[in-house]
Amino acid sequence: MPSYNPADVERRWQQFWETNKTFRTPDPGDPGTAGKPKYYVLDMFPYPSGAGLHVGHPEGYTATDILARFKRMRGFHVLHPMGWDAYGLPAEQYAVKTNTHPRITTQQNITTFRRQIKALGFSYDWDREVDTTDPGYFKWTQWIFLTIYDTWYDPVAGKGRPISELPIPDDVRGQGEDAVRRYRDAHRLAYQAEVPVNWCPEMGTVLANEEVIDGRSEVGGFPVERRPLRQWLMRITAYADRLLDDLDPLDWPESIKLMQRNWIGKSEGAEVHFPVAHETEDHTVSHTITVFTTRPDTLYGATYMVLSPEHPLVDRITTAEHRDAVRAYQAAAARKSDFERTEVAKTKTGVFTGAYAVNPMNEARIPIWTADYVLASYGTGAIMAVPGHDERDYAFAHEYGLPIETVVRPAGDGPWDPDARPGPFCDDGVSVNSGPLSGLPTADARREITVLLESRGLGHRRVNYKLRDWLFSRQRYWGEPFPVLHGPGGEVVPLPPAELPLVPPDLEDFKPTGTPEGPLSKATDWVNTTRGGQPYRRETNTMPQWAGSCWYFLRYIDPRNDAAFADPAKLRHWLPVDLYVGGAEHAVLHLLYARFWHKVLFDRGYLPCPEPFQRLVNQGMILGETELTAYQKDGKWVSAGEVKEADKELASEGQSALRAVRVSEEQVEKKGQAFVLKEDPAVRVEARAHKMSKSRGNVVNPDDIITEYGADSLRLYEMFMGPLEAVKPWSTKSVEGVYRFLGRAWRLIVDDGEELKPHPAMTDAVPDRDTLRVLHKTIRKVGEDTDHLRFNTAIAAMMEFVNHVTKLEARPRAVLEPFVLLLAPYAPHAAEELWRALGHRDTLAYEPWPAFDPALARDDEIEVPVQVNGKLKARLKVPAEIDDQALEAAALADEAVMAAVGGKPVKMVKVVPRKLVNVVVAG
RNA sequence: GGCCAAGUGGCGGAAUGGCAGACGCACUCGACUCAAAAUCGAGCGCCCCAAAGGCGUGUGGGUUCGAGUCCCACCUUGGCCACCA
Numbered sequence: 057m058p059s060y061n062p063a064d065v066e067r068r069w070q071q072f073w074e075t076n077k078t079f080r081t082p083d084p085g086d087p088g089t090a091g092k093p094k095y096y097v098l099d100m101f102p103y104p105s106g107a108g109l110h111v112g113h114p115e116g117y118t119a120t121d122i123l124a125r126f127k128r129m130r131g132f133h134v135l136h137p138m139g140w141d142a143y144g145l146p147a148e149q150y151a152v153k154t155n156t157h158p159r160i161t162t163q164q165n166i167t168t169f170r171r172q173i174k175a176l177g178f179s180y181d182w183d184r185e186v187d188t189t190d191p192g193y194f195k196w197t198q199w200i201f202l203t204i205y206d207t208w209y210d211p212v213a214g215k216g217r218p219i220s221e222l223p224i225p226d227d228v229r230g231q232g233e234d235a236v237r238r239y240r241d242a243h244r245l246a247y248q249a250e251v252p253v254n255w256c257p258e259m260g261t262v263l264a265n266e267e268v269i270d271g272r273s274e275v276g277g278f279p280v281e282r283r284p285l286r287q288w289l290m291r292i293t294a295y296a297d298r299l300l301d302d303l304d305p306l307d308w309p310e311s312i313k314l315m316q317r318n319w320i321g322k323s324e325g326a327e328v329h330f331p332v333a334h335e336t337e338d339h340t341v342s343h344t345i346t347v348f349t350t351r352p353d354t355l356y357g358a359t360y361m362v363l364s365p366e367h368p369l370v371d372r373i374t375t376a377e378h379r380d381a382v383r384a385y386q387a388a389a390a391r392k393s394d395f396e397r398t399e400v401a402k403t404k405t406g407v408f409t410g411a412y413a414v415n416p417m418n419e420a421r422i423p424i425w426t427a428d429y430v431l432a433s434y435g436t437g438a439i440m441a442v443p444g445h446d447e448r449d450y451a452f453a454h455e456y457g458l459p460i461e462t463v464v465r466p467a468g469d470g471p472w473d474p475d476a477r478p479g480p481f482c483d484d485g486v487s488v489n490s491g492p493l494s495g496l497p498t499a500d501a502r503r504e505i506t507v508l509l510e511s512r513g514l515g516h517r518r519v520n521y522k523l524r525d526w527l528f529s530r531q532r533y534w535g536e537p538f539p540v541l542h543g544p545g546g547e548v549v550p551l552p553p554a555e556l557p558l559v560p561p562d563l564e565d566f567k568p569t570g571t572p573e574g575p576l577s578k579a580t581d582w583v584n585t586t587r588g589g590q591p592y593r594r595e596t597n598t599m600p601q602w603a604g605s606c607w608y609f610l611r612y613i614d615p616r617n618d619a620a621f622a623d624p625a626k627l628r629h630w631l632p633v634d635l636y637v638g639g640a641e642h643a644v645l646h647l648l649y650a651r652f653w654h655k656v657l658f659d660r661g662y663l664p665c666p667e668p669f670q671r672l673v674n675q676g677m678i679l680g681e682t683e684l685t686a687y688q689k690d691g692k693w694v695s696a697g698e699v700k701e702a703d704k705e706l707a708s709e710g711q712s713a714l715r716a717v718r719v720s721e722e723q724v725e726k727k728g729q730a731f732v733l734k735e736d737p738a739v740r741v742e743a744r745a746h747k748m749s750k751s752r753g754n755v756v757n758p759d760d761i762i763t764e765y766g767a768d769s770l771r772l773y774e775m776f777m778g779p780l781e782a783v784k785p786w787s788t789k790s791v792e793g794v795y796r797f798l799g800r801a802w803r804l805i806v807d808d809g810e811e812l813k814p815h816p817a818m819t820d821a822v823p824d825r826d827t828l829r830v831l832h833k834t835i836r837k838v839g840e841d842t843d844h845l846r847f848n849t850a851i852a853a854m855m856e857f858v859n860h861v862t863k864l865e866a867r868p869r870a871v872l873e874p875f876v877l878l879l880a881p882y883a884p885h886a887a888e889e890l891w892r893a894l895g896h897r898d899t900l901a902y903e904p905w906p907a908f909d910p911a912l913a914r915d916d917e918i919e920v921p922v923q924v925n926g927k928l929k930a931r932l933k934v935p936a937e938i939d940d941q942a943l944e945a946a947a948l949a950d951e952a953v954m955a956a957v958g959g960k961p962v963k964m965v966k967v968v969p970r971k972l973v974n975v976v977v978a979g
């Protein structure tokens with residue numbers, strides 16, 4: 057074996073691991089598991105796209121692999137699996153274009169992904185690989201759907217229970233079986249309802265709220281419109297409180313917890329009933345407008361009301377003379393896309409209905425308007441407007457000249473002129489002009505008014521959530537079919553578990569129908585079926601992509617079980633996941649849905665714990681290499697600071713008078729904080745790393761890096777770039793740095809000859825004290841840093857070790873063997889080969905982690921800095937065990953220190969034991 | 001607009017309130033070589049010819065014997081949410 061040749065080494069060890077099933081994970085109770093603590097380390101499994109692996113994938117996968125290998129060496133029973141989230145739109149769109157069955161492209165993509173992932177040498181147990189499109193897998197996705205369908209949420213018990221245990225009220229029972237069925241259906245956690253949904257005409261499907269961003273589809277960016285359609289929904293709102301409360305103890309990034317909390321959007325307040333004044337034409341009917349408010353204490357300041365244009369009362373209360381204007385406004389609002397409706401900074405619009413409501417507390421007559429700044433989908437779709445204490449109401453009142461009243465003033469006794477202030481006062485304070493509330497602090501006023509409203513039947517306490525029920529059906533081909541039938545009377549009949557999996561029909565044409573009927577409706581033979589001689593139809597919608605990813609981590613635990621989604625004893629052993637690593641883009645989608653399913657399955661007794669992922673870490677995105685960009689307009693340079701962001705985008709696409717010019721490092725110099733052009737130092741140049749994208753041409757393909765430097769170098773580099781969570785730019789030059797490090801480590805141990813054998817400088821002699829100290833400090837540092845996912849500093853410590861040993865004449869085997877074990881989780885192929893060169897026959901994957909000896913790591917002599925008035929003046933070499941008095945004496949005796957003190961009186965001497973001395977002198 | 005992060009050499013980054021810049025890249029010099037590459041060694045924050053010295057962690061203030069680290073305000077960048085009553 058000559059010099060370090062990663063391609064050779066890596067191929068050989070990947071083969072070794074595969075043929076020996078080195079990383080096969082024994083089931084709990086199998087030989088070798090006794091007494092071992094478990095550790096479940098999970099990656100977010102990839103969608104196998106046609107583009108192949110991206111350098112972002114190995115980032116998280118390497119981090120988890122290092123931990124999996126580390127934990128094995130520390131004696132843990134480790135579960136570390138991989139699989140494919142293989143349902144998805146790209147495969148279906150490709151199928152539509154080329155008329156290839158999505159199953160074929162999906163399998164091709166999986167093959168590519170598997171090859172690429174295996175080339176990185178991850179220690180997955182490939183016997184546990186799962187594929188969400190495999191009937192053996194989605195059988196259980198469908199089974200879980202049926203379980204959720206079979207569940208209702210019992211608010212008293214605070215948990216999901218079998219639908220058979222749902223109490224049926226007598227009056228419902230009295231109306232017959234159909235009524236009982238409808239009653240049950242209305243309580244199921246999976247239910248059908250006609251709701252305004254996000255319909256995306258371009259994609260021919262509906263989308264979940266979570267999949268719509270600024271009124272456009274998250275995938276593809278197509279416009280989305282609101283349409284009332286009958287769809288399947290999941291009652292995730294029933295679990296809102298538990299999803300919120302159970303976040304607290306989780307070891308997750310605070311930012312992700314916050315995003316979930318905001319998404320759930322719990323607000324506490326009150327519902328208040330406002331009677332409509334009887335001045336409409338229809339004097340015989342009395343109407344009540346119910347509003348939700350988080351500030352019931354401002355009730356006396358309500359000067360008008362607003363109904364959303366879709367509110368059913370708008371038509372009923374509008375007076376004849378305002379009817380045309382209101383109708384026109386409603387029509388205009390309906391035409392607007394969500395994007396237009398929620399556009400910021402636009403002025404608010406609305407029209408008066410002609411009707412008045414009565415403030416239930418002070419009998420004030422206030423006008424009722426309709427305006428699209430009030431959303432039909434939140435609260436009751438109606439508000440009481442308090443322009444004195446709400447930004448939006450203030451803006452609207454200002455626009456339409458509606459009265460503004462002050463009913464809260466800032467706390468404290470200071471002077472207070474409500475007319476002097478520029479806008480509404482929205483903070484908590486003290487109630488004024490509010491009848492019985494006057495003088496009460498906001499918190500008390502809130503409580504007081506709620507009690508008053510409840511006692512008079514005018515309203516009640518109320519908790520509201522932004523979270524909506526989860527729209528669960530899609531009009532697509534490439535997804536799990538719903539395992540239900542629709543009977544002749546429109547009733548839903550779940551398939552018996554024995555009939556699962558329900559495999560989708562083979563289709564010639566995968567195109568969306570363009571209507572809410574899914575593509576499956578084209579397979580009439582499949583759709584139409586009979587039961588007991590009666591005609592039944594299969595559901596033609598399919599499940600969203602999230603379905604398969606909601607529970608894949610459960611299937612890894614028992615992937616080939618045909619009798620259950622997983623064996624309960626195995627679930628008890630492995631759950632919860634100890635570490636879950638993936639991108640932050642799943643903060644509210646996958647991570648919220650998976651938690652919801654988990655809780656339902658927990659409630660129904662199928663899972664041992666209420667939360668799936670104990671610890672979550674987001675790896676930061678890897679950007680392309682930093683680019684220097686100068687801007688030109690009409691042939692003249694423009695400073696980067698003067699260019700607007702929007703123009704930059706256009707310029708980089710070549711669609712503007714502005715031109716973006718890539719410049720080289722030689723053309724620029726640093727001036728203060730900024731880079732400027734050498735030829736014209738007045739021109740600032742932009743230095744920025746961008747997201748990798750095909751159009752920008754800055755995508756790095758992991759295959760190329762592996763060919764050039766090997767998988768170990770790629771792994772090591774991605775971990776050395778910086779903290780795992782940080783966003784960081786790629787630099788191929790820096791890959792060479794870690795490649796060189798591996799080469800140095802290699803040459804330290806391996807003889808430069810034909811055969812693989814130890815370097816002639818290798819010695820069995822006892823290492824010197826200093827070298828032992830370096831080793832043990834490295835063992836401590838690498839162990840602690842690996843445990844805390846601080847891989848960059850762990851690698852730096854290993855580099856320092858190699859730098860130290862390189863300087864030695866003789867290389868003691870006694871420190872090199874432990875070093876190879878430290879390296880093993882990071883660069884496993886090279887480490888295995890070095891382990892063999894050191895004379896070992898078997899894999900090092902289960903070798904015990906080197907033991908740390910604090911006595912050997914201890915310094916004999918330390919260097920202590922001495923400051924005078926906080927400024928460094930000297931460094932003292934002193935024995936490590938020096939006490940404070942001796943250290944202080946040594947400091948004060950030092951020449952440089954005495955010179956700095958200059959005979960002035962010493963006010964105090966601060967001694968930090970063994971760390972530092974600070975001499976404080978006057979003046 | 002709101003909320004949350006983060007601003008440290010030419011670059012990526014390191015630093016339980018205690019020697020700022022570990023480790024690596026780039027660069028410079030030296031050794032080896034006919035030469036180059038590879039490798040090995042040395043240097044490398046800024047000012048100053050150099051030394052002595054001074055200045056240095058986005059800006060301004062504060063707390064502290066001592067601040068990159070804690071607090072306040074501002075600036076910049078990134079992320080998330082975006083009329084949720």
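Per the working numbering, residue 57 is the first one in the first sequence, and the count goes up by one each step. We treat Cβ as the ideally placed atom computed from N, Cα and C, and that holds for glycine. What you are looking at is a predicted structure, and each value in this text was computed from that prediction instead of being measured.
Proximity test, residue i beta-carbon vs the ligand GDP heavy atom, cut-off 7 Å
i, result
"L831", "By its list of ligands, the structure shown contains no ligand whatsoever, and the ligand GDP lies outside what it can speak to."
DSSP three-state assignment for residue i, whether helix, strand or coil
i, result
"L828", "helix"
"T569", "coil"
"Q675", "coil"
"V806", "strand"
"H454", "helix"
"M57", "Since pLDDT at M57 reaches only 36, below the 50 mark, its modelled position is unreliable, and no value is offered."
"F538", "coil"
"Q590", "strand"
"G446", "Residue identity differs from the one stated: residue 446 is Asp in this sequence, not Gly. Note: D446 maps to coil in three-state DSSP."
"G515", "strand"
"L648", "helix"
Beta-carbon gap between residue i and residue j smaller than 8 Å
i, j, result
"H885", "G177", "yes"
"T403", "D428", "no"
"K626", "D64", "no"
"P416", "F330", "yes"
"K971", "V920", "yes"
"V990", "L355", "Examination of residue 990 is not possible in this model, given that the chain is present from 57 through 979 alone."
"Q601", "G144", "yes"
"A411", "T350", "no"
"D449", "V97", "no"
"Y608", "F101", "yes"
Beta-bridge pairing of residue i - partner residues as DSSP gives them
i, result
"N974", "Q923, K966"
"M290", "A246, W526"
"K689", "K692, L714"
"L551", "Partner(s): none; L551 has no beta bridge."
Which runs of the alpha helix (DSSP H) spanning at least 4 residues fall entirely within the stretch 72–155, listed in chain order?
112–129, 145–154
Quick check on the DSSP output: what are the complete alpha helix (DSSP H) runs of length 4 or more inside the stretch 860–937, in order along the chain?
869–879, 884–893, 910–913
Would the stretch 107–121 and the stretch 564–579 be scored as touching if the rule is three or more Cβ pairs under 8 Å?
no
To test your reading of the DSSP string, which unbroken alpha helix (DSSP H) runs of 4 or more residues are found completely within the stretch 587–638?
602–605, 608–611, 624–630
Tell me whether the stretch 632–650 and the stretch 84–103 touch, counting them as touching only if at least three CB pairs, one residue from each stretch, are closer than 8 Å.
yes
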